[in-house]
Amino acid sequence: MNIYLNFIFRAKTYTLSVCLLLLSISCINKEKNNTEETITKTDKLEKLYSNHLVMAYKYLDSIDITNNNDTNKKYYINSRTYFKKSEPILSYIEKENYKSLNSPNLIRIQEEDPTDIKINQPIGYQVIEENLFSESMDTLALSRALKVTSSRLKLIENNIDLNFKDYHVLWLARDAIVRIASTGLSNFDSPILGASLNESGYVLSTLNDVFTIYQNNFKNKDLLQKWKTELINSQKTLNTDFDSLDRYEYIKNHTNKQLELLKAIQEDWSIEFPFELALKNNTTSLFSKNTFNLEYFSDYKSDTIHLNTKIDLGKQLFNDKRFSIKNDMSCATCHIKEKAFTDEKITFNKHVKRNTPTLTYSGLQKSFFLDNRSGSLEGQIVGVVTNHDEFNADLKHIIEVVKRDKNYSKAFDTLYSRGATDMNIRHSIASYVRSLNKFNSKFDNNINGKENTLTEVEKKGFNIFMGKAACATCHFPPLFNGTVPPNFSESELEIIGVPDTKENKKLDDDLGRYNLFKTEERKGAFKTPSIRNIKLTTPYMHNGVYETLEQVMDFYNKGGGSGLGFNVPHQTLPFDNLDLSEEEIQAIIAFMRTLTDNHLDKNEAL
Numbered sequence: 001m002n003i004y005l006n007f008i009f010r011a012k013t014y015t016l017s018v019c020l021l022l023l024s025i026s027c028i029n030k031e032k033n034n035t036e037e038t039i040t041k042t043d044k045l046e047k048l049y050s051n052h053l054v055m056a057y058k059y060l061d062s063i064d065i066t067n068n069n070d071t072n073k074k075y076y077i078n079s080r081t082y083f084k085k086s087e088p089i090l091s092y093i094e095k096e097n098y099k100s101l102n103s104p105n106l107i108r109i110q111e112e113d114p115t116d117i118k119i120n121q122p123i124g125y126q127v128i129e130e131n132l133f134s135e136s137m138d139t140l141a142l143s144r145a146l147k148v149t150s151s152r153l154k155l156i157e158n159n160i161d162l163n164f165k166d167y168h169v170l171w172l173a174r175d176a177i178v179r180i181a182s183t184g185l186s187n188f189d190s191p192i193l194g195a196s197l198n199e200s201g202y203v204l205s206t207l208n209d210v211f212t213i214y215q216n217n218f219k220n221k222d223l224l225q226k227w228k229t230e231l232i233n234s235q236k237t238l239n240t241d242f243d244s245l246d247r248y249e250y251i252k253n254h255t256n257k258q259l260e261l262l263k264a265i266q267e268d269w270s271i272e273f274p275f276e277l278a279l280k281n282n283t284t285s286l287f288s289k290n291t292f293n294l295e296y297f298s299d300y301k302s303d304t305i306h307l308n309t310k311i312d313l314g315k316q317l318f319n320d321k322r323f324s325i326k327n328d329m330s331c332a333t334c335h336i337k338e339k340a341f342t343d344e345k346i347t348f349n350k351h352v353k354r355n356t357p358t359l360t361y362s363g364l365q366k367s368f369f370l371d372n373r374s375g376s377l378e379g380q381i382v383g384v385v386t387n388h389d390e391f392n393a394d395l396k397h398i399i400e401v402v403k404r405d406k407n408y409s410k411a412f413d414t415l416y417s418r419g420a421t422d423m424n425i426r427h428s429i430a431s432y433v434r435s436l437n438k439f440n441s442k443f444d445n446n447i448n449g450k451e452n453t454l455t456e457v458e459k460k461g462f463n464i465f466m467g468k469a470a471c472a473t474c475h476f477p478p479l480f481n482g483t484v485p486p487n488f489s490e491s492e493l494e495i496i497g498v499p500d501t502k503e504n505k506k507l508d509d510d511l512g513r514y515n516l517f518k519t520e521e522r523k524g525a526f527k528t529p530s531i532r533n534i535k536l537t538t539p540y541m542h543n544g545v546y547e548t549l550e551q552v553m554d555f556y557n558k559g560g561g562s563g564l565g566f567n568v569p570h571q572t573l574p575f576d577n578l579d580l581s582e583e584e585i586q587a588i589i590a591f592m593r594t595l596t597d598n599h600l601d602k603n604e605a606l
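Quick note on numbering: full-length UniProt numbering labels position 472 of the sequence shown as 472, and the sequence is numbered without any gaps.
So, in structure tokens, the structure goes:
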């Protein structure tokens, strides 16, 4: 009996051991397969990226400025093709390098340290393009650009390490989609050849390749096919000449659909993003109140608990004149809601000689005041409070005003952990200003498919704005200001040579950004404002010089200050003149008027 029991016990032990061994082997194989799959995806992605970079710099290295220029042009176009194919990954992981390699042929000025201002000569593809394809070639600048650009690409390629999570792939895809819609459709980075549409097709081709590598991530294989079909259809739409593309229809029918599919892919892959960047992770349109993550644009990284109550409190503070030392001025004194938060004055007064800009959509930028001297809304408020010609007070004064008011004091103690500090007060006001982004204009509602009321003239105006007129190379959609998509981390300054009167006889004497650091190359530099609600924000330009949009368009059509005969050595407009017809000008104006928020157009409460 004991022998029998012992046999049974050993048999069971042996069976259990075999089962455990098989389970262990199964787990090891599963882990190994998962590891191999991950490595395979990473390896394939790195190989794809590396190949694009290698081909880009090899073609650049083939350019010999002493040889036939037609051959050099072919080499350049081939190099540029591979550079754009690398763009989705390159621009995502090497933001500063990408910016240098693809920036306009303009000097780059770094003023972060006032004691060490740097003036950097441009490098990259646009420098090469403008020299190879222009009538006069600067061989020294071309030679330098070729050398530095190639070296930079080689350095990047030698240090590839794509340690991607799945959500990184979705982020880089979204960046690519937004970049095409906001800058790729306008020839922003191909001003001479005008090849942006074809190049955008190369970007979409790379996205197709990337998602092929990640095809096993898809639980829903139909979704993968829909995504690939959409990318192919978008490429076909872009395969046309620059003037013929209907940019309105492209964004409405392709950009929006791509963003919707990305959201579906996010859900299919069960993606959990660690945080949000400038764009919300679930955005399905560029022109929506739910497009932007407002916290990204704030200095104050607080939670969003009771945010609407903080906004309501900020609105009260915005309209309170007690913050000024004489109790005679509030934020609303200059920024009147019915006038799209401007004041319709040429300049605010004889001391403040600049036009009051709109506050609508102003929270969605990274620099403030017309000379970009503040880095946040919270910081801008300090400038207003302490300015002798505005509130003429200090931060201690605004704290005292709040603490003396029982309702204010109670509200801050309830809403903020430290109560009525100057930062919390400024955050509340800034939160209100950041809420002035309704995205409910006629244009927004039409491009989002909520209504079908745009006229053919208005659509034509948008297409000219984005295309022939090159307006969108400075006023980037969807904000139509100078904050550069898709990262929205920089608000650009431009030098356009604005006159001092509408007669266009003399250059305005306000030197803009130059007044801060005395950088010669910044003379006349001003921030590019949003043209949203432009119908309500007359007069126009930093000095309020023009009374009508027709006058503004005439200024640009003639080529800005340089076109008027002024000495503007560092003018940044990407054209000599536009050669727009009167019909085209009126179409652009018709489009710009569709950017009026509905509640402002109807004078509803905000």
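Glycine included, every Cβ here is placed at the ideal spot set by N, Cα and C.
Values in this document were obtained by computation on a predicted structure and should not be read as measured data.
Among the residues of its own chain, which have a CB less than 6 Å from the CB of residue i, if the five just before and after it don't count?
i, result
"residue 282", "263"
"residue 382", "none"
"residue 213", "41, 44 and 45"
"residue 552", "540 and 546"
Considering only residues of the same chain and omitting the five flanking positions on each side of residue i, which have a CB-CB separation below 7 Å?
i, result
"residue 261", "226, 227 and 230"
"residue 547", "502, 538 and 539"
"residue 287", "439, 444, 447, 448 and 478"
"residue 124", "100, 101, 102, 103, 145 and 149"
Run through DSSP, which three-state label would residue i get?
i, result
"residue 288", "coil"
"residue 481", "strand"
"residue 512", "strand"
"residue 258", "helix"
"residue 525", "strand"
"residue 555", "helix"
"residue 79", "helix"
"residue 342", "strand"
"residue 88", "helix"
"residue 532", "coil"
"residue 266", "helix"
"residue 110", "strand"
"residue 368", "strand"
"residue 494", "strand"
"residue 361", "coil"
"residue 100", "helix"
"residue 50", "helix"
"residue 591", "helix"
Exposed or buried, what is residue i when buried is set at 16 or more other beta-carbons lying within 10 Å of its beta-carbon?
i, result
"residue 53", "buried"
"residue 565", "exposed"
"residue 449", "exposed"
"residue 119", "exposed"
"residue 460", "buried"
"residue 576", "exposed"
"residue 351", "exposed"
"residue 561", "buried"
"residue 107", "exposed"
"residue 509", "exposed"
"residue 30", "For residue 30, the predicted structure reports a pLDDT of 43, less than 50, and the residue's modelled location is therefore unreliable. The matter cannot be settled from this model."
"residue 567", "exposed"
"residue 247", "buried"
Do you know offhand how far residue i's Cα is from residue j's?
i, j, result
"residue 505", "residue 571", "17 Å"
"residue 484", "residue 175", "12 Å"
"residue 290", "residue 133", "42 Å"
"residue 233", "residue 293", "30 Å"
"residue 392", "residue 254", "51 Å"
"residue 607", "residue 158", "Because the chain spans 1 through 606 in this model, residue 607 falls outside it and cannot be assessed."
"residue 222", "residue 236", "21 Å"
"residue 65", "residue 81", "20 Å"
"residue 523", "residue 404", "45 Å"
"residue 172", "residue 83", "16 Å"
"residue 79", "residue 472", "26 Å"
"residue 595", "residue 60", "43 Å"
"residue 211", "residue 265", "11 Å"
"residue 581", "residue 558", "12 Å"
Is residue i close to chain D? Criterion is C-beta to C-beta, closer than 8 Å.
i, result
"residue 433", "No chain D is present in this structure, which holds just one protein chain."
Short of 8 Å in beta carbon distance, which residues of its chain neighbour residue i, apart from the five on each side in sequence? Order them along the chain.
i, result
"residue 420", "399, 402, 403, 408, 409, 412 and 413"
"residue 592", "461, 465, 531, 534, 535 and 549"
"residue 301", "295"
"residue 514", "520, 522, 523, 524 and 525"
Report task. Starting from the N-terminal side, write out each stretch of the alpha helix (DSSP H) that is 4 residues or longer and does not extend beyond the region 172–253. Result -> 196–213, 221–238 and 247–250
Requested in this report: Pick out the complete beta strand (DSSP E) segments inside the region 408–440, 3 residues or longer, and give them in chain order.
Outcome: none
Query - alpha helix (DSSP H) runs contained entirely in the region 115–164, provided each spans 4 or more residues - result: Counting whole runs of 4 or more residues, the region 115–164 contains the alpha helix (DSSP H) stretches 125–132 and 139–158.
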